[in-house]
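Asker: If you read the protein sequences in the order shown, they are chains A and B.
Per the working numbering, residue 1 is the first one in the first sequence, and the count goes up by one each step.
Per the working numbering, residue 262 is the first one in the second sequence, and the count goes up by one each step.
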Amino acid sequence: MFEVKNLTKIYDDGTVALRDISFEVNPGEFIVIIGLSGSGKSTLLRCINRLIEPTEGQILWDGTDITAAEASELRRIRRQIGMIFQQFNLVKRSNVLTNVLAGRLGYVKPGLSLLHRFPARDREMAMQALERAGIADQAHKRADELSGGQQQRVGIARALMQEPRMILADEPVASLDPVLAHTILGYLEKINQEEKITILCSLHYLDLVQRYATRVIGLREGRIVYRGTQEEIRRMTDEEFKEIYGEEAERVSAGLKEGGT
Amino acid sequence: MAVQSNKKADCAPLVPGPAAAVASLIVPGLGQILARQIQRGLILLGSVITIIILLAWRINLLAHREIGALAKLGKALDRRPFFILFLIICTVILWLWIAWDAHKQTRPGKQGGLSIFVLVIVIFFSLGWQISQINLYKMVVELPDALPPLSRVLWPWKAAVTYNTEEVGAGADILIGCDDNPPPPPEEIPSKPYLMAEPTCGELSRLDENNKVVKGSILTLTGRGFAPNMETQIWWKDSIGNEFRPRQEGKYVSLKTDDDGGFTFKLIMPYRLIPPSAVGKQIHRVEARQVTQVGGPIASDPLKLTIGRMAETIFMGMMATLFGILFSIPASFLAARNLMSGSWITMSLYYLTRTVMNIVRSIEPLIWALIAVVWVGLGPFAGIIALTIHSIAALGKLYSEAIESIDPGPIEAIQATGATQLQTIMYAVVPQMIPSFVSFSIYRWDINVRMSTIIGLVGGGGIGFLLVQYIRLLDYRSAGIAVWFIAVTVATLDYVSAEIRARFV
Ligand SMILES: Nc1ncnc2c1ncn2[C@@H]1O[C@H](COP(=O)(O)OP(=O)(O)OP(=O)(O)O)[C@@H](O)[C@H]1O
Ligand SMILES: [Mg+2]
């Protein structure tokens, strides 16, 4: 259903962030992208929904090339692909409900939405999404009054409002503590399994990767240097992990034990 | 090793200590330069030269009529002995100190030392004291004279109200030059004031050949039926109906009625020239008048004018802010680096906008008002133009900085949902802009109202215009009313704007 072919991204300043990346994604997978800081993970995820313009290559979505899509078609494709971020990227001064409703912007009539009006169905859907995320009681708070974990749940709820077929997650737990990291990833896994939403996620910690990934892609300096299945990654030792990842790699469990949980 | 010795040679003084001291004695600072303390030497030399020039200028000003240096010095010493003597002594000490300092600078490890600059600074500030004409003596001595107008400014409310007045009075005819048949005393009407003069004829005061006043006859005035215990004015009306208030010993004649509303008073008949063309009997009239207030207090003209001008001022500030906001929004987009970094064309537009804004902003609104007055003439519109121009530049800068500092994260998040460009702006950009936008706009409104209170000083309308007029007319009470209104408005505005900003941020 989704395929990246020979994707290359060269930034205006000449930085080659991605070189000839190719991979395929099957529906329902939980693919984790690993790699050192600066290896191109964020660039890759943002090229997929063209928040960043790829320089070369193709991204095929149901056979349509996203890189060649017209503005309106691009928007139609974007609304099927949810995205969550390390910094949550909520509109801090808007309330939680508005942030979640923003997930429907690709569907609603533009005129009404500019006045912050949404169909009743969408509002119901938003409340359900918040309920599922366990933060329905926070719906009318300002987004920046929530804790980090709660904000990421709002981010996920916003992505789910798109009724997405795939979710891109750029280090969704990197700014959260280890316990919260597991809750959030567990939530993503549940979504992945129950609704068969494909997940493409970049992560930092080996044990999180081992626990949640069904497939792993390793990046270094913009190239794919590792591809592994769930079994392979579960057998992986710290040494092998560090080879792809570099010395920065660490296990989140160390942090968990210190935290006394 | 070579490098080290080289370095040492670099630092080593060119001349021994005494030589440096002598050099500095001849040219201050030269010794320090020879001791390789070039910066120090130049600063000291520059200071001494400046001090001497300034001192010479002041001496010359104090004795500009004298010819010859010594005569000038003598005259200046005569006029400001303490100041001139002090500065000359300080300068001599400085000169000697510089020589000693040069000697010290040649000794290794003893360089530096900032105490000499304390003296330099003391001399400069003493000069500054004189040049800026600070005069504490005057401040103290003239304070008593300043107190009455000051107290009128501080508590001007007497001028804020007036009363409608009504005049009641009574008069009696007086014949100039007595003859057999002087006019009878007037008839008394019950419940009306009544005035009687005794006698009913007499001579006016006049001037003799030597321009000396020859006093006229004395009339005994008796009054009845006036309001009791009240100030009563005496008026004189001549035969052709001209009336005036006679003076006695320089003061207008007035008296106070007793508890029953009556009085008796001795009036010297005033000076009045009777034209030679006058024919027949000259009958004048003396009147006693009381001015009473009717009804409650009403707002005085200065109060009404002040309120009107205050409203004008506040609206000037509001209009200027409105126009400023409208024009500065597009300008701020041009001045936001993150929006304009696309190509060199947009970048040069960015630099152009920034530069123009900085120049416009650095010129005070008062100067803009002077220009606007030339352009559209005196009045509030000129003030609005001046404030608008300044607001556009100031707000444009603030807004553009707000745009530059918005978080791009929410923008990409909203874009990723498949939102259109317009939706992205409404959902991700606008909410981020609102707090700074509101806060800067309110802040600017505050500044603009404040500025419009003084922009009238140069003819830009508003209350400042009124204020200078009152001050020039020495009408300190009315000026005080304007000052009070300005103070209260500014304080209120300060509070309100802080309150609104606190709500929004
Ligand atoms: N806007 C940009 N302009 C130029 N170079 C960029 C830009 N964004 C990223 N890069 C460069 O592209 C490379 C890949 O960056 P990217 O952000 O994709 O890395 P990453 O793997 O997400 O790193 P991290 O783990 O730190 O988030 C880096 O060398 C980075 O410096
Ligand atoms: Mg990244």
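Just so you know, even glycine gets a beta-carbon here, dropped at the ideal spot from N, CA and C.
Using 8 Å for Cβ pairs, my map puts B:Gly463 next to B:Ser452. What's the rounded Cβ distance?
Answerer: So it is not a contact: roughly 30 Å between Cβ atoms.
Asker: Which ranges does the alpha helix (DSSP H) cover as unbroken runs of at least 4 residues, wholly within the region 89 to 135 of chain A, from first to last along the chain?
Answerer: Counting only runs of 4 or more, we get 96 to 101, 110 to 114, 120 to 132.
Asker: Return the first residue and the last residue of the beta strand (DSSP E) that A:Ile21 is part of.
Answerer: 16 to 25 is the span of the beta strand (DSSP E), which, as asked, contains A:Ile21.
Asker: Can you tell me whether B:Glu662 is helix, strand or coil according to DSSP?
Answerer: Three-state DSSP puts B:Glu662 in a helix.
Asker: Beta carbons nearer than 7 Å to chain A: which residues of the region 667 to 682 of chain B have them?
Answerer: Going along the region 667 to 682 of chain B in chain order, one finds Gly670, Pro671, Glu673, Ala674, Ile675, Gln676, Ala677, Thr678, Gly679, Ala680, Thr681 with a Cβ nearer than 7 Å to chain A.
Asker: Can you have a look at B:Glu673 and say buried or exposed, based on whether 16 or more other CB atoms are within 10 angstroms of its CB?
Answerer: Answer is buried; the Cβ neighbour count reaches 16.
Asker: Since A:Ala69 is in the beta strand (DSSP E), which residue starts that stretch and which ends it?
Answerer: Where A:Ala69 is concerned, there is no enclosing beta strand (DSSP E), given that its DSSP letter is neither H nor E.
Asker: What are the boundary residues of the beta strand (DSSP E) that B:Leu465 is part of?
Answerer: First-last for B:Leu465: undefined, no H or E at that position.
Asker: Go to B:Ser478, then tell me how far its beta strand (DSSP E) extends in each direction, as first and last residue.
Answerer: Element bounds for B:Ser478: n/a, residue is neither H nor E.
Asker: Under 7 Å: does the beta carbon of A:Gly35 sit that close to some heavy atom of ligand 1?
Answerer: Flag set: Cβ of A:Gly35 near ligand 1.
Asker: How about B:Ile724 and B:Arg506: do their beta carbons lie closer than 8 Å?
Answerer: Against a cut-off of 8 Å, the Cβ pair of B:Arg506 and B:Ile724 comes out as no contact.
Asker: Cβ atoms of A:Tyr212 and A:Val32: under 8 Å apart, would you say?
Answerer: Yes; because the gap between Cβ atoms is below 8 Å, this pair is in contact.
Asker: With a threshold of 6 Å on Cβ separation, who are the neighbours of A:Gly82 within its own chain once the five nearest residues in sequence on each side are excluded?
Answerer: The residues are Ala159, Gln162, Pro164, Ile167.
Asker: Would you say B:Asn709 and B:Ser652 are within 8 Å of each other, going by their C-beta atoms?
Answerer: Result yes, Cβ atoms of B:Asn709 and B:Ser652 sit closer than 8 Å.
Asker: Looking at the structure shown, is B:Pro558 part of a helix, part of a strand, or coil, going by DSSP?
Answerer: Here B:Pro558 sits in strand by DSSP.
Asker: Should A:Gln42 be flagged as near chain B, meaning a C-beta pair shorter than 8 Å?
Answerer: According to the sequence displayed, residue 42 of chain A carries Ser and not Gln. Not closer than 8 Å to any Cβ of chain B, the Cβ of A:Ser42 fails to qualify, so no.
Asker: If you count every other CB in all the chains shown that lies within 10 Å of the CB of A:Ile156, and 16 or more means buried, which is it?
Answerer: Classification of A:Ile156: buried, given that the 10 Å Cβ count is 16 or more.
Asker: Is any beta-carbon of chain A found at less than 8 Å from that of B:Pro696?
Answerer: Yes, B:Pro696 lies at the interface with chain A (some Cβ there is under 8 Å from its Cβ).
Asker: If you reduce the DSSP assignment to three classes, tell me which class B:Phe765 lands in.
Answerer: In the structure shown, B:Phe765 sits in a helix (DSSP, three-state: H, G or I).
Asker: What did DSSP end up calling B:Tyr424 once you bin it into helix, strand or coil?
Answerer: In this structure, B:Tyr424 counts as strand in the three-state DSSP scheme.
Asker: Between B:Glu504 and the rest of its own chain, which residues show a CB-CB distance below 7 Å, the 5 nearest in sequence each way excluded?
Answerer: Counting only Cβ-Cβ distances below 7 Å, and skipping sequence neighbours, we find Trp496, Trp497, Lys498.
Asker: Indicate whether at least one CB of chain B lies closer than 8 Å to the CB of A:Phe2.
Answerer: A:Phe2 does not count as touching chain B.
Asker: Please compile the residues from chain B whose C-beta is within a distance smaller than 9 Å of the C-beta of A:Gln87.
Answerer: The answer, in chain order, is Asp668, Gly670.
Asker: Contact criterion: CB-CB distance below 8 Å. Does B:Tyr611 meet it with respect to chain A?
Answerer: No, B:Tyr611 does not count as interfacial toward chain A.
Asker: Do you know offhand how far B:Ala330's Cα is from B:Leu275's?
Answerer: Using only the alpha carbons, I get a separation of about 38 Å.
Asker: Does the CB of B:Met577 have a neighbour CB from chain A at under 8 Å?
Answerer: No, because no Cβ of chain A sits closer than 8 Å to the Cβ of B:Met577.
Asker: Would you call the region 632 to 652 of chain B and the region 578 to 586 of chain B touching, i.e. three or more CB-CB distances under 8 Å?
Answerer: Result yes; three or more Cβ-Cβ pairs closer than 8 Å.
Asker: For ligand 1, is there a heavy atom less than 7 Å away from the beta-carbon of A:Gly28?
Answerer: No - ligand 1 has no heavy atom lying nearer than 7 Å to the Cβ of A:Gly28.
Asker: Check the DSSP bridge columns for A:Asp170 and list the partner residues they point to.
Answerer: Per DSSP, A:Phe85, A:Ser202.
Asker: On the DSSP bridge list, what partners appear for B:Thr714?
Answerer: Answer is none; B:Thr714 lacks a bridge partner.
Asker: According to DSSP, is B:Met530 part of a helix, a strand, or is it coil?
Answerer: Coil at B:Met530, not helix or strand.
Asker: Under 7 Å: does the beta carbon of B:Lys365 sit that close to some heavy atom of ligand 1?
Answerer: For ligand 1, not one heavy atom lies less than 7 Å from the Cβ of B:Lys365.
Asker: Beta carbon of A:Asp170: closer than 7 Å to some heavy atom of ligand 2?
Answerer: Because some heavy atom of ligand 2 lies under 7 Å away, the Cβ of A:Asp170 counts as near it: yes.
Asker: Whole angstroms are fine: how far does the CA of B:Ala337 sit from the CA of B:Ile354?
Answerer: Roughly 21 Å between the two C-alpha positions.
Asker: Mind reading off the beta-carbon distance from B:Pro289 to B:Trp745? Whole number of angstroms is fine, and I expect it under 8 Å.
Answerer: Not a contact, Cβ separation roughly 56 Å.
Asker: Start and end of the alpha helix (DSSP H) containing B:Ala674?
Answerer: Its alpha helix (DSSP H) spans residues 669 to 677.
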